[in-house]
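Note sheet for the following structure.
Protein chains in written order, with my numbering: chain A, 75 to 191; chain B, 18 to 131.
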């Protein structure tokens, strides 16, 4: 079974509008963490935002916010006031604690966002 | 700040050739990871290392070996490259702390196996 599911292969949004990228997850680790990364066409992986499983409030970082619905196991990324530079691939990821004491990260298949002028 | 450095950036191999992808981090991180990225597949974990001297298999370890040479370096070896190993490879590191949450990535190695 997929542990991280991103159901939107591609999305379009008009410049200056908000967009929501979906992510659902599945884990038995009670202390998991959820991440979003941006990968522009240049290829590097850029960390955007983190949400811990015990965090009471939704995480926010500038124009990025994470809509965390724990009971529904969803961690959607909301980008407000989209800019042309937001056009990129976006990955949702989850970390789980392993017996070795370190964390293992699992990534979704990504959503390609295109911002239209 | 160098962060995570991967070499080489590009490589073309013939089927059956071997090579080692190098990764080094200067952030004193305990945990290091190797991923491969294929179109439509996201990033898949190949191997990871919780600390110097320890390695664990990830989701797609077949055809690869790794060495955690010291705390800084984590190398990925392809003993006999196959066309199915054509991919972009990313190395990443993480402090290992439950407080620090960010996994840092290298710039990637684009590998083609002909």
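Beta carbons: idealized from backbone N, C-alpha and C, even for Gly.
Out of the options, state which residue places its alpha-carbon closest to the alpha-carbon of residue i.
i: residue 119 of chain A; options: B:118, B:45, B:109; result: B:109
i: residue 88 of chain B; options: B:39, B:31, B:45, B:36; result: B:45
i: residue 72 of chain B; options: A:105, A:160, A:172, A:147; result: A:172
i: residue 191 of chain A; options: A:178, A:165, A:159; result: A:159
i: residue 165 of chain A; options: A:87, A:86, A:97, A:88; result: A:97
i: residue 10 of chain B; options: B:29, B:60, B:58, B:52; result: Outside the shown range of chain B (18 to 131) lies residue 10 of chain B, about which nothing can therefore be said.
i: residue 133 of chain A; options: A:109, A:117, A:145; result: A:109
i: residue 127 of chain B; options: B:70, B:102, B:79, B:42; result: B:102
i: residue 78 of chain A; options: B:43, B:48, B:58; result: B:58
i: residue 60 of chain B; options: B:47, B:70, B:92, B:106; result: B:106
i: residue 69 of chain B; options: B:36, B:92, B:123; result: B:92
i: residue 181 of chain A; options: A:121, A:87, A:115, A:142; result: A:121
Is the beta carbon of residue i sitting closer than 8 Å to the one on residue j?
i: residue 124 of chain A; j: residue 136 of chain A; result: no
i: residue 186 of chain A; j: residue 84 of chain A; result: yes
i: residue 99 of chain B; j: residue 34 of chain B; result: no
i: residue 80 of chain A; j: residue 183 of chain A; result: yes
i: residue 50 of chain B; j: residue 62 of chain B; result: yes
i: residue 40 of chain B; j: residue 90 of chain B; result: yes
i: residue 26 of chain B; j: residue 131 of chain B; result: no
i: residue 113 of chain A; j: residue 167 of chain A; result: no
i: residue 102 of chain A; j: residue 67 of chain B; result: no
i: residue 99 of chain A; j: residue 147 of chain A; result: yes
i: residue 117 of chain A; j: residue 75 of chain B; result: no
i: residue 54 of chain B; j: residue 104 of chain B; result: yes
Which first and last residues belong to the beta strand (DSSP E) in which residue i is found?
i: residue 170 of chain A; result: 162-171
i: residue 180 of chain A; result: 177-181
i: residue 94 of chain A; result: 93-95
i: residue 38 of chain B; result: 36-42
i: residue 119 of chain B; result: Neither: residue 119 of chain B is in no beta strand (DSSP E) and is coded neither H nor E.
i: residue 138 of chain A; result: 138-143
i: residue 129 of chain B; result: 126-130
i: residue 112 of chain A; result: 107-113
i: residue 110 of chain B; result: 104-111
i: residue 149 of chain A; result: 148-153
Give the residues of chain D in contact with residue i, contact being defined as C-beta atoms less than 9 Å apart.
i: residue 19 of chain B; result: Included in the structure are the protein chains A and B, with no chain D among them.
For the pair the segment 83-101 of chain A and the segment 150-157 of chain A, tell me if three or more CB-CB distances fall below 8 Å. With three or more CB-CB distances shorter than 8 Å, the segment 83-101 of chain A counts as touching the segment 150-157 of chain A.
Inter-stretch contact at 8 Å, needing at least 3 Cβ pairs: the segment 18-26 of chain B / the segment 129-147 of chain A: Using a Cβ-Cβ distance cut-off of 8 Å, the segment 18-26 of chain B and the segment 129-147 of chain A are not in contact, since fewer than three pairs of beta carbons, one from each stretch, lie closer than that value.
Any C-beta of chain A within less than 9 Å: which residues of the segment 36-64 of chain B qualify? Identification of residues in the segment 36-64 of chain B having a C-beta nearer than 9 Å to some C-beta of chain A yields 47, 48, 50, 52, 54, 57, 58, 59, 60, 61, 62, given in sequence order.
Between the segment 153-167 of chain A and the segment 75-92 of chain B, can you find at least three pairs of beta-carbon atoms closer than 8 Å? These segments do not touch.
When Cβ atoms are compared, which residues of the segment 90-120 of chain B fall closer than 8 Å to chain A? Within the segment 90-120 of chain B, the qualifying residues are 105, 107, 109, 111, 113, 115, 118, 119, 120.
Members of the segment 101-127 of chain A near chain B, C-beta cut-off 7 Å: Hits within the stretch, in order: 107, 117, 118, 119, 121, 124.
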